[in-house]
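Scroll down for the structure; my scribbles are underneath it.
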Amino acid sequence: MRTSWVNLLAAAVAAPMLPGLIAKTKAAVAGRQGPPVLQLYYDLIKLLRKGAVYSRTTTVFFSAGPVVSMAAILAAALFVPLAGTASVLSFDGDIILFAYLFGLARFFTVTAALDTGSSFEGMGAAREATFALFAELALFVNLVGLAKATGTFSLSGLSGRAAESLGLASPGALVLTCLSFFVVALAENCRVPVDDPNTHLELTMVHEVMVLDHSGPDLAFILYGAALKLTLTLSILAHLLFPMDLGSPVKESAFFLSVLAALSIAVGLVESSMARLRLLRVPRLLMAACVLAVFAVALQW
Amino acid sequence: MVGRLVELVLVAVVLADLFVLASPPLAACIRAVALQGMALGLIPLLLHRDGWSAHTFLIAFGMIALKGFLIPGMLFKALREAPLHREEEPLVGFSLSLILGGGLIALAVALAGKLPLPVGVKGSLLVPAALATVMMGCLVIVTRVKAMSQVLGFLMLENGILAFGLTLSRELPVLVETGVLMDVFVGVFIMAVVIRHIQLEFGSMNTRKLTALKE
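Going line by line, the protein sequences match chains A and B.
Residue numbering for the first sequence follows the working numbering, beginning at 19 and increasing consecutively.
Residue numbering for the second sequence follows the working numbering, beginning at 125 and increasing consecutively.
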């Protein structure tokens with residue numbers, strides 16, 4: 019596999035389009051016109067030109083939150099294979115680093131939320147940490163299954179070979195892994211049924227409530243980080259679903275982009291067709307994802 | 125290719141088990157068990173694709189009609205008369221039974237590896253899926269308090285036994301199979317009537333109310 023910085027840069031630039039596509043899908047299903055697909059770019063530019071407001075009760079943790087979490091997600095991007103090329107960095111065991119870079123991003127978001135001293139943000143932080151506990155377990159069981167199937171411990175080898183080796187040995191395991199990973203991706207990216215990105219009711223918000231106090235460039239970093247995280251998780255899923263070795267880079271990129279677009283539309287359809295689950299039900303959903311992953315691992319024995 | 129299709133169908137069968145373990149609405153559970161029965165009905169067609177006989181068609185058709193339409197229809201009819209359409213307060217919670225389900229799947233795979241099986245069946249998902257379905261059916265029967273859930277558990281148990289029988293279906297005579305199907309049908313028929321009577325007598329399907337004897 020080739021490595022390329024070009025793909026990484028392209029993904030970093032194109033990332034804000036995926037949330038736009040999801041919003042567009044939801045609008046289309048609801049019969050509205052919806053915001054343009056490029057809306058997030060306008061939002062980001064607007065936010066970057068504004069100044070940030072900091073509450074006097076906050077400390078350095080609050081201002082560090084958005085910066086560190088975006089930096090952690092950017093660092094995680096180095097390990098993700100994009101459009102059939104190997105990731106920029108990779109070594110045996112980087113799956114653990116990758117998972118915990120996401121963990122680091124979440125930790126700093128949660129710390130920043132707690133730092134404001136607002137009771138609602140504390141509630142959101144507690145929920146986020148609880149859900150993350152289950153999502154992480156499911157993610158790791160999935161990774162164990164994939165590592166067992168492909169015999170590699172690096173993210174790019176793992177997802178690059180999964181579609182071929184696992185698909186041939188046990189299609190059931192591949193289907194289960196993809197299903198489970200899709201649920202984990204929805205949870206990681208705070209989408210419906212785990213969290214509703216559009217809600218603005220403090221009692222029901224999870225991720226949104228944690229970032230309420232951020233403004234200006236800080237909010238832009240958070241929004242961009244979320245978009246990039248969505249792109250990264252969906253591109254791993256895309257690599258699990260289809261083998262990306264098509265021969266020519268142009269073909270691979272076109273195929274990869276269409277799979278990403280299809281996955282975002284799928285996320286949009288999921289969001290249009292169901293409501294957010296009750297808070298107490300979310301751990302059950304994530305446990306189900308975990309059990310599916312266990313099943314996939316058991317199938318390979 | 126055939127083996128892969130069978131595997132996907134069997135994965136769906138086990139997913140239906142997990143769904144019943146994890147979801148309280150009874151109507152959705154009945155639908156899941158109906159789909160499970162229909163999926164099992166497809167397996168003889170997929171397994172013996174080289175030589176389809178009247179026998180295979182009979183089994184497949186009988187299973188799909190009975191398990192996919194007739195039995196669920198009766199259960200839905202019984203459910204319509206009940207005031208509560210959800211399983212409530214099971215002895216083991218839904219999340220915990222889901223986790224137990226995961227454990228049972230692992231156990232089933234481990235057990236299937238140890239069993240002395242005919243060569244053709246070894247390594248296929250058929251036996252682990254059958255064992256897992258049987259065990260999860262037992263789990264549902266033991267832990268749920270609604271009579272309807274217990275019937276569903278019984279159906280899952282039976283589906284599992286049937287899946288186990290499918291490994292040998294070429295040798296099994298039609299008569300035995302129809303006998304099994306009729307047994308189940310009569311069993312579910314009686315249970316549907318019993319549920320109705322429990323319902324009329326006590327105004328609820330909760331089996332916990334059936335612990336004390338009356339004169």
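Every residue, glycine too, gets a C-beta built ideally from N, C-alpha and C.
Given the structure is predicted, the values throughout are model-derived calculations rather than measurements.
Subject >> Nearest-angstrom Cα separation, counted from Arg204/B out to His172/B >> reply: Numbered from its first residue, the second sequence carries residue 172/B at position 48. Numbered from its first residue, the second sequence carries residue 204/B at position 80. Distance between the alpha carbons of His172/B and Arg204/B is about 39 Å.
Original post:
What residues of chain D sit near Arg302/A, judged by a beta carbon separation below 8 Å?
Top reply: Considering every chain present, this structure includes no chain D. Its protein chains are A and B.
Subject >> Same chain, Cβ closer than 6 Å to Leu192/A, neighbours up to 5 away in sequence not counted >> reply: Against the first sequence, residue 192/A aligns to sequence position 174. Hits under 6 Å: Leu184, Gly185.
Subject >> Interface partners of Trp23/A on chain B, CB under 9 Å >> reply: In the first sequence, counting from the first residue as 1, residue 23/A sits at position 5. Correct list: empty, because the minimum Cβ distance to chain B is about 38 Å.
Original post:
Can you name the start and end residues of the alpha helix (DSSP H) that Ile188/B belongs to?
Top reply: The residue labelled residue 188/B in the question sits at position 64 within the second sequence. Taken as a continuous stretch (DSSP letters only), Ile188/B belongs to no alpha helix (DSSP H), as it is neither H nor E.
Original post:
Between the C-alpha atoms of Ala151/B and Pro240/B, what's the straight-line distance to the nearest angstrom?
Top reply: Within the second sequence, numbered from 1, the residue matching residue 151/B stands at position 27. Within the second sequence, numbered from 1, the residue matching residue 240/B stands at position 116. Each residue's Cα considered, the two are about 39 Å apart.
Subject >> CA-to-CA distance, Val312/B to Ile195/B, given in whole angstroms >> reply: Stepping through the second sequence from its first residue, residue 195/B is reached at position 71. Stepping through the second sequence from its first residue, residue 312/B is reached at position 188. Each residue's Cα considered, the two are about 7 Å apart.
Original post:
For Asn330/B, which beta-bridge partners are listed by DSSP?
Top reply: Sequence index remark: in the second sequence, residue 330/B carries index 206 (1-based). In the DSSP output, where bridge partners are listed per residue, Asn330/B has Lys270/B.
Original post:
chain A partners of Val233/B, CB-CB under 7 Å?
Top reply: To locate residue 233/B, count along the second sequence from 1; it is residue 109. In chain order: Ala316, Trp319.
**OP:** With 8 Å as the threshold, decide whether the Cβ of Glu131/B is near any Cβ in chain A.
**Re:** For the purposes of this step, residue 131/B is taken as the residue at position 7 of the second sequence. Chain A, which has a Cβ nearer than 8 Å to the Cβ of Glu131/B, makes this yes.
Original post:
Tell me, which residues are paired with Pro149/B by DSSP?
Top reply: Taking the first residue of the second sequence as 1, we reach residue 149/B at position 25. According to DSSP, which records beta bridges pairwise, Pro149/B is partnered with Arg210/B.
**OP:** Please classify Thr249/A: does DSSP put it in a helix, a strand, or coil?
**Re:** Reading the first sequence from its first residue, position 231 is the one you call residue 249/A. In the structure shown, Thr249/A sits in a helix (DSSP, three-state: H, G or I).
Subject >> Integer-rounded CB distance, given that Val135/B should sit under 8 Å from Gly190/A >> reply: Residue numbering aside, residue 190/A sits at position 172 when the first sequence is read from its first letter. Residue numbering aside, residue 135/B sits at position 11 when the second sequence is read from its first letter. About 4 Å; that satisfies the 8 Å criterion.
**OP:** May I have the straight-line CA-CA distance separating Val216/B from Gly225/B, to the nearest angstrom?
**Re:** Here residue 216/B refers to the residue found at position 92 when the second sequence is read from its first residue. Here residue 225/B refers to the residue found at position 101 when the second sequence is read from its first residue. Those two C-alpha atoms are separated by around 12 Å.
**OP:** Pair every Cβ in the region 168-177 of chain A with every Cβ in the region 283-299 of chain A, then say whether three or more of these pairs are closer than 8 Å.
**Re:** no
Original post:
From Met19/A to Ser105/A, what distance separates their C-alpha atoms?
Top reply: Along the first sequence, one-based indexing puts residue 19/A at 1. Along the first sequence, one-based indexing puts residue 105/A at 87. With a pLDDT of 49 at Met19/A, under the threshold of 50, the modelled position of that residue is not reliable, and the figure given next carries that caveat. Using only the alpha carbons, I get a separation of about 9 Å.
Subject >> chain A contact for Ile229/B (CB, 8 Å cutoff) >> reply: As a first step, residue 229/B is located in the second sequence; it is residue number 105 there, counting from the start. Taking Cβ atoms only, chain A reaches closer than 8 Å to Ile229/B, which makes this a yes.
**OP:** Indicate whether at least one CB of chain A lies closer than 8 Å to the CB of Gly165/B.
**Re:** Within the second sequence, the letter at position 41 stands for residue 165/B. False, the Cβ-Cβ gap to chain A never drops below 8 Å.
Subject >> CB contact below 8 Å: Gly190/A versus chain B >> reply: As a position in the first sequence, residue 190/A is number 172, starting the count at 1. By this cut-off, Gly190/A is an interface position.
**OP:** Could you give the DSSP three-state label for Leu134/B: helix, strand or coil?
**Re:** In the second sequence, counting from the first residue as 1, residue 134/B sits at position 10. Of the three classes helix, strand and coil, the one that applies to Leu134/B here is helix, per DSSP.
Original post:
Out of Leu237/A, Ala101/A, Glu206/A, which has the shortest C-alpha to C-alpha gap to Ser253/A?
Top reply: Indexing the first sequence from 1 puts residue 253/A at position 235. Here the closest residue by C-alpha is Ala101/A.
Original post:
At a Cβ threshold of 8 Å, is Thr291/B touching chain A?
Top reply: In the second sequence, residue 291/B corresponds to position 167, counting from 1. It does not: the Cβ of Thr291/B has no partner Cβ on chain A nearer than 8 Å.
Original post:
What do you reckon, are the CB atoms on Ile214/B and Thr267/B nearer than 8 Å?
Top reply: Looking up residue 214/B in the second sequence gives position 90. Looking up residue 267/B in the second sequence gives position 143. The sequence given here places Pro at residue 214/B; Ile does not occur at that position. Yes, these two residues count as a Cβ contact at 8 Å.
Original post:
Is Gly243/A closer than 8 Å to Ala147/A when the C-beta atoms are compared?
Top reply: Indexing the first sequence from 1 puts residue 147/A at position 129. Indexing the first sequence from 1 puts residue 243/A at position 225. No. Outside cutoff.
**OP:** Check the Cβ-Cβ distances between Arg128/B and every residue of chain A, and say whether any is below 8 Å.
**Re:** As a working mapping, residue 128/B is identified with position 4 in the second sequence. Cβ-Cβ to chain A under 8 Å: yes for Arg128/B.
Original post:
Got a sec, what are the start and stop residues for the alpha helix (DSSP H) Met88/A sits in?
Top reply: Translated into positions along the first sequence, residue 88/A becomes position 70. Looking at the DSSP string, the run of the alpha helix (DSSP H) that includes Met88/A is 78-95.
Subject >> Ala336/B, enclosing alpha helix (DSSP H) - first and last residue >> reply: To locate residue 336/B, count along the second sequence from 1; it is residue 212. Where Ala336/B is concerned, there is no enclosing alpha helix (DSSP H), given that its DSSP letter is neither H nor E.
Subject >> chain B contacts from the region 191-211 of chain A (Cβ-Cβ distance under 8 Å) >> reply: Val193, Leu194
Subject >> Contact with chain B by Leu307/A, beta-carbon distance below 8 Å >> reply: Your numbering for residue 307/A matches position 289 in the first sequence. Looking at the sequence itself, residue 307/A is Ala, so the reference to Leu does not match. Not one chain B Cβ lies under 8 Å of Ala307/A.
Original post:
What is the DSSP secondary structure of His218/A, counted as helix, strand or coil?
Top reply: Counting from one through the first sequence, the residue named residue 218/A turns up at place 200. Residue state, collapsed to three classes: coil.
**OP:** Note down the Cα distance separating Phe260/A from Gly127/B, rounded to an integer number of angstroms.
**Re:** Here residue 260/A refers to the residue found at position 242 of the first sequence. Here residue 127/B refers to the residue found at position 3 of the second sequence. When rounded, the distance between both Cα atoms is 21 Å.
Original post:
Buried or exposed: His218/A, going by 16 or more other Cβ atoms within 10 Å of its Cβ?
Top reply: To locate residue 218/A, count along the first sequence from 1; it is residue 200. Exposed is the call here.
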